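Undergrad: Taking our numbering, the leading residue of the sequence shown gets -2, the next gets one more, and so forth.
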Amino acid sequence: MPISLLGLMSSLVIWELVRFCNEKWDLEQRFPGLRQVLVRFAQFATAVILYVCNLQLTLISAIGVSYAVMILHASLRKLTPSNQPNGMNRNRRSQHRRLQFFSK
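1) Hey, is the stretch 36 to 56 in contact with the stretch 9 to 17, meaning 3+ C-beta pairs nearer than 8 Å?
2) Report the three-state DSSP secondary structure of residue 29 (helix, strand or coil).
3) Between residue 15 and residue 56, what straight-line distance do the alpha-carbon atoms span, to the nearest angstrom?
4) State yes or no: is the C-beta of residue 37 within less than 8 Å of the C-beta of residue 19?
5) Cβ of residue 7 within 8 Å of Cβ of residue 46?
6) Taking a contact to mean a Cβ-Cβ separation below 8 Å, would you say residue 24 touches residue 35 in this structure?
Printed below as a string of structure tokens:
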């Protein structure tokens, strides 16, 4: 298993544990200070995991690749004609004529 995937999963486990403890012990109502400490600890642990597992580089790479694919897709859309040849629009023209006939 890649170390980045392990880091991402462990970060998710930390936040699910915080959510579970918050719901089980009702920390938001009964002990808001303890909840705040728990959230800050989870933020620190997540930051350490992201740094150790080099996950930030993985996320930046994934965002970069997805942006490059989006730009490539947009450039390829500009190469294809937006209007279909006349043979393909024959049905559309007949529908348009019928609509004009009924509207008169």
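Where a beta carbon is used, it is the ideal one built from N, C-alpha and C, also for glycine. For clarity, every value in this text was computed on a predicted model and none was experimentally measured.
TA: In brief:
1) yes
2) helix
3) 23 Å
4) no
5) yes
6) yes
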